[in-house]
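For reference, the structure discussed in these notes is given below.
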Amino acid sequence: MPFPNLRLRGGTYSWRRKVTVRGVAIPLSLPLRTGSFQKARAIAAQLEASVERMRMGFNEKPVAVDAQTLQEIFKRAMRRQLDRILSDQIASDAPVELHAETNKLYGELWRLHARQGANATWSEAEEARLIGSGWTERECSALATLWSRARDGETTISRNQIHDYLSRLSIAPTKSNVEQIRRVIYGARAEACEEATRRLGRDAADYSGWVGSALADSTPIYDPPRYDKVERAAEPPATPRAPSATEVPEHEGPTLSLVTAAENCIAAYMQAGSWDQESVKQVRTAIRLFDHAAGGNAVVERLTQAHVSDLEKLCLALPNRWGRTRAELAGGIQASLKRAQGLEKSHVGISRTTIQKHVTWITQVLEYAASDRGGKHRPTIDLSFKEIRKGLGRGKSRERARDKRAAWTKAELARLLSAPIWTGCATLDARFRPGSQIWHDAWYWLPLMFILYGGRSAELVALELKDVHESDSIPYFQVDYSDLRRLKNPQSIRKLPIHPEIIRLGFSDYVSALRLAGQLVLFPEMHSSGSKSYASTFYKSIFDTWRDWAFPEGTSWRHQVGGAMKDKDVHSFRGTATNLLKGKVPDSVRIDILGQEGENTMTQNYDEEAELSLKLDALKLLSPLTASVERAPLQIRPPDRLKFGAKRGRPKLIY
Numbered sequence: 005m006p007f008p009n010l011r012l013r014g015g016t017y018s019w020r021r022k023v024t025v026r027g028v029a030i031p032l033s034l035p036l037r038t039g040s041f042q043k044a045r046a047i048a049a050q051l052e053a054s055v056e057r058m059r060m061g062f063n064e065k066p067v068a069v070d071a072q073t074l075q076e077i078f079k080r081a082m083r084r085q086l087d088r089i090l091s092d093q094i095a096s097d098a099p100v101e102l103h104a105e106t107n108k109l110y111g112e113l114w115r116l117h118a119r120q121g122a123n124a125t126w127s128e129a130e131e132a133r134l135i136g137s138g139w140t141e142r143e144c145s146a147l148a149t150l151w152s153r154a155r156d157g158e159t160t161i162s163r164n165q166i167h168d169y170l171s172r173l174s175i176a177p178t179k180s181n182v183e184q185i186r187r188v189i190y191g192a193r194a195e196a197c198e199e200a201t202r203r204l205g206r207d208a209a210d211y212s213g214w215v216g217s218a219l220a221d222s223t224p225i226y227d228p229p230r231y232d233k234v235e236r237a238a239e240p241p242a243t244p245r246a247p248s249a250t251e252v253p254e255h256e257g258p259t260l261s262l263v264t265a266a267e268n269c270i271a272a273y274m275q276a277g278s279w280d281q282e283s284v285k286q287v288r289t290a291i292r293l294f295d296h297a298a299g300g301n302a303v304v305e306r307l308t309q310a311h312v313s314d315l316e317k318l319c320l321a322l323p324n325r326w327g328r329t330r331a332e333l334a335g336g337i338q339a340s341l342k343r344a345q346g347l348e349k350s351h352v353g354i355s356r357t358t359i360q361k362h363v364t365w366i367t368q369v370l371e372y373a374a375s376d377r378g379g380k381h382r383p384t385i386d387l388s389f390k391e392i393r394k395g396l397g398r399g400k401s402r403e404r405a406r407d408k409r410a411a412w413t414k415a416e417l418a419r420l421l422s423a424p425i426w427t428g429c430a431t432l433d434a435r436f437r438p439g440s441q442i443w444h445d446a447w448y449w450l451p452l453m454f455i456l457y458g459g460r461s462a463e464l465v466a467l468e469l470k471d472v473h474e475s476d477s478i479p480y481f482q483v484d485y486s487d488l489r490r491l492k493n494p495q496s497i498r499k500l501p502i503h504p505e506i507i508r509l510g511f512s513d514y515v516s517a518l519r520l521a522g523q524l525v526l527f528p529e530m531h532s533s534g535s536k537s538y539a540s541t542f543y544k545s546i547f548d549t550w551r552d553w554a555f556p557e558g559t560s561w562r563h564q565v566g567g568a569m570k571d572k573d574v575h576s577f578r579g580t581a582t583n584l585l586k587g588k589v590p591d592s593v594r595i596d597i598l599g600q601e602g603e604n605t606m607t608q609n610y611d612e613e614a615e616l617s618l619k620l621d622a623l624k625l626l627s628p629l630t631a632s633v634e635r636a637p638l639q640i641r642p643p644d645r646l647k648f649g650a651k652r653g654r655p656k657l658i659y
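Heads up, the sequence shown is in this note's numbering, so the first residue is 5 and it goes up one at a time.
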């Protein structure tokens, strides 16, 4: 039975519900003073029963959901689904017939679910019924294929949607109510498909329907000239001389420096919540380059096309990894240009992809400056960034996309997991020197989690304890946007089952110990004031040293790209997980685990998030990767070391 009214805050559960008695909505909120989901669930069940007894005492409606509420759910679910389908139809250039066929298949699939319920089955009788109603054998075959995907969880209704209706409409979370809601949602989806088909317009290339109205219209094709006044012919105006690309245009009125325009734009986007610190850093880097190319202290109104050309020349003259040495940090762009003079040709020049990113940020700043909010400051001459975006054309890559990032092999993973971190290290500050100590912290858990999830580094490193639900029937992490880290895309918001392998190694006990220690994040030692993110701290403090310990000369894949050596990294764990899951689990489950977007508009717009049970079954396929790690008695960091850094007064030891 679901319990949507339970909330976990600060390590303890609370119970919230809005109850309507005699037409008055009464919000109830009670702290349950327990961090155990089992205890909280038992208390919540008693509270739900007490509320219903109270409602019955006031002659209120029973716990069963009524027809009016079901109609409200139908309305919301249909509008939600119709909006998704129409958005897809408008944005897609697929022919009308394809949209209609897709709507027909999904509509019938959901109609079958609405009739038969959660245990619906596809049968020969259903196929015969459809053929009798005019369906072709090809359509029935396509529906059967879709049905098999539905059994794998690709078209199920998410718990979040059901819980939202239970909570917002104050519905008792009984099994029968949940089943009724599920059937209503399926019915609403079916009707949304039919309505979307009715709203499909004529194919854009078919103009036959316009012929009749065009021939019947007698309006003059051209407006006749008007001669209201007879005036003396004016002298032909002088042809204005277009300023050259290098000529600085004259401008009368207030001006705005390029750097100030950027800071104004940053402030506005930060206030709107549209940019994070990483975006701000990229904007400032792009503006810094453009300002330097324009001679420094550039003014928006006096920017010219020559400055755009000079920006491209500057980018191609810099080292492809610039601004990283102490001399460059102290001497700025000029120091970087000086260093480039002594480098090989292959080490010079920012990539075209990076240049395009810089241009995107620059144009966004200029667009904001030209807007009403930005003060209507725009270059006197219109600037074109088309050439700098395009360059001189792109050579065809001789490398497949899959080869640009290499996955870790099983043998390499075995070598990585033989580190003293899991077999016994010397001290807390010497994790790669053999000894008898095993500490449970970010060094211990995060490498295992990256191997078992193939997750992005930012998602797992900065998890908060409130997002860890270790006591649920299927323990899970809630990956969502937070102040501690950014997510790559909205598809990254998802639930991830806590892997049985880390549970085997004592992860639940670790979480409980951190809660008792008053911590708020899962890995507090990854929070460094001198680092730009939790993920960056992990790379510098753990991963780089771990990889160097296992492969001092690098892996066999290590090679040079531009001015830097490239080797397998954290993202390579993602490739390993993908390779092991592909072909063994439905694609929809795999992309949900990895937080990826659907591979086509159908999966992007129609498929719901896979159930936790399906994700859990898929993740178990990765268990053999860490089976060699043995469980050790729990030992978390001392209270004064539950933070970033080595012990004060002692050098940090690595080996």
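Cβ atoms here follow ideal geometry from the backbone N, Cα and C, with glycine treated the same way.
Everything numeric in this text was worked out from a predicted model, so none of it was measured.
Limits of the beta strand (DSSP E) - the one that residue i falls within
i      : result
Pro438 : Ala434 to Pro438
Tyr514 : Per DSSP, Tyr514 belongs to no beta strand (DSSP E); it is in the alpha helix (DSSP H), Phe511 to Leu520.
Lys499 : Arg498 to Pro501
Thr431 : Cys429 to Thr431
Val525 : Careful: Val525 lies outside any beta strand (DSSP E) and carries neither H nor E.
Where the alpha helix (DSSP H) through residue i begins and ends
i      : result
His311 : Gln309 to Ala321
Gln368 : Arg356 to Ala374
Tyr448 : Ala446 to Tyr457
Val284 : Gln281 to Ala297
His117 : Val100 to Gln120
Gln338 : Arg330 to Ala344
Ala266 : Leu262 to Gln275
Ala4   : The structure shown does not extend to residue 4, since the chain is modelled only from 5 to 659, so the question has no answer here.
Counted within 10 angstroms of its Cβ, other Cβ atoms place residue i as buried (16 or more) or exposed
i      : result
Arg202 : exposed
Ala411 : buried
Ile478 : exposed
Gly138 : exposed
Pro501 : buried
Pro628 : exposed
Ile135 : exposed
Arg641 : buried
Pro345 : Position check: residue 345 holds Gln in this sequence, whereas Pro was assumed. Gln345 comes out exposed.
His563 : exposed
Lys400 : The predicted model places Lys400 with a pLDDT of 46, which falls under 50 and marks its position as unreliable; any figure quoted below should be read in that light. Exposed: under 16 other Cβ atoms inside 10 Å.
Gln42  : exposed
Asn107 : buried
Glu416 : buried
Ser340 : buried
Phe294 : buried
Val234 : Since pLDDT at Val234 reaches only 42, below the 50 mark, its modelled position is unreliable, and no value is offered.
Ile497 : exposed
Lys588 : exposed
Pro229 : Model confidence at Pro229 stands at a pLDDT of 44, short of 50, so the residue's coordinates are unreliable; what they give is reported in the following sentence. Pro229 is exposed by the Cβ-count criterion.
Integer-rounded CB distance, given that residue j should sit under 8 Å from residue i
i      : j      : result
Arg356 : Val304 : Their Cβ separation, rounded to whole angstroms, is 26 Å, which puts Arg356 and Val304 out of contact at 8 Å.
His298 : His311 : Sequence check: residue 298 is Ala here, not His. About 4 Å separates the two Cβ atoms, so the contact holds.
Val633 : Trp426 : 5 Å
Asn181 : Val69  : 5 Å
Cys269 : Gly378 : 7 Å
Gln85  : Ala192 : 6 Å
Trp114 : Ala148 : Actually they do not touch by this definition, with Cβ atoms about 15 Å apart.
Ala49  : Tyr17  : Their Cβ separation, rounded to whole angstroms, is 13 Å, which puts Ala49 and Tyr17 out of contact at 8 Å.
Thr630 : Leu421 : 7 Å
Three-state class that DSSP yields for residue i in the structure shown
i      : result
Trp412 : coil
Phe542 : helix
Val23  : strand
Thr201 : helix
Ser663 : No statement about residue 663 is possible, as the shown extent of the chain runs from 5 to 659 and does not include it.
Lys53  : It should be pointed out that residue 53 corresponds to Ala in this sequence rather than to Lys. Helix.
Leu12  : strand
Glu305 : helix
Val69  : coil
Val234 : In this prediction, Val234 has a pLDDT of 42, which is less than 50 and means its spatial position is unreliable; nothing more can be read from the coordinates.
Pro637 : coil
Glu474 : coil
Ser180 : helix
Ala124 : coil
(Q) Report the start-end ranges of each alpha helix (DSSP H) in the segment 548-634 that is 4 residues or longer and not cut off at the edges. (A) 548-554, 574-585, 591-598, 605-610 and 616-623
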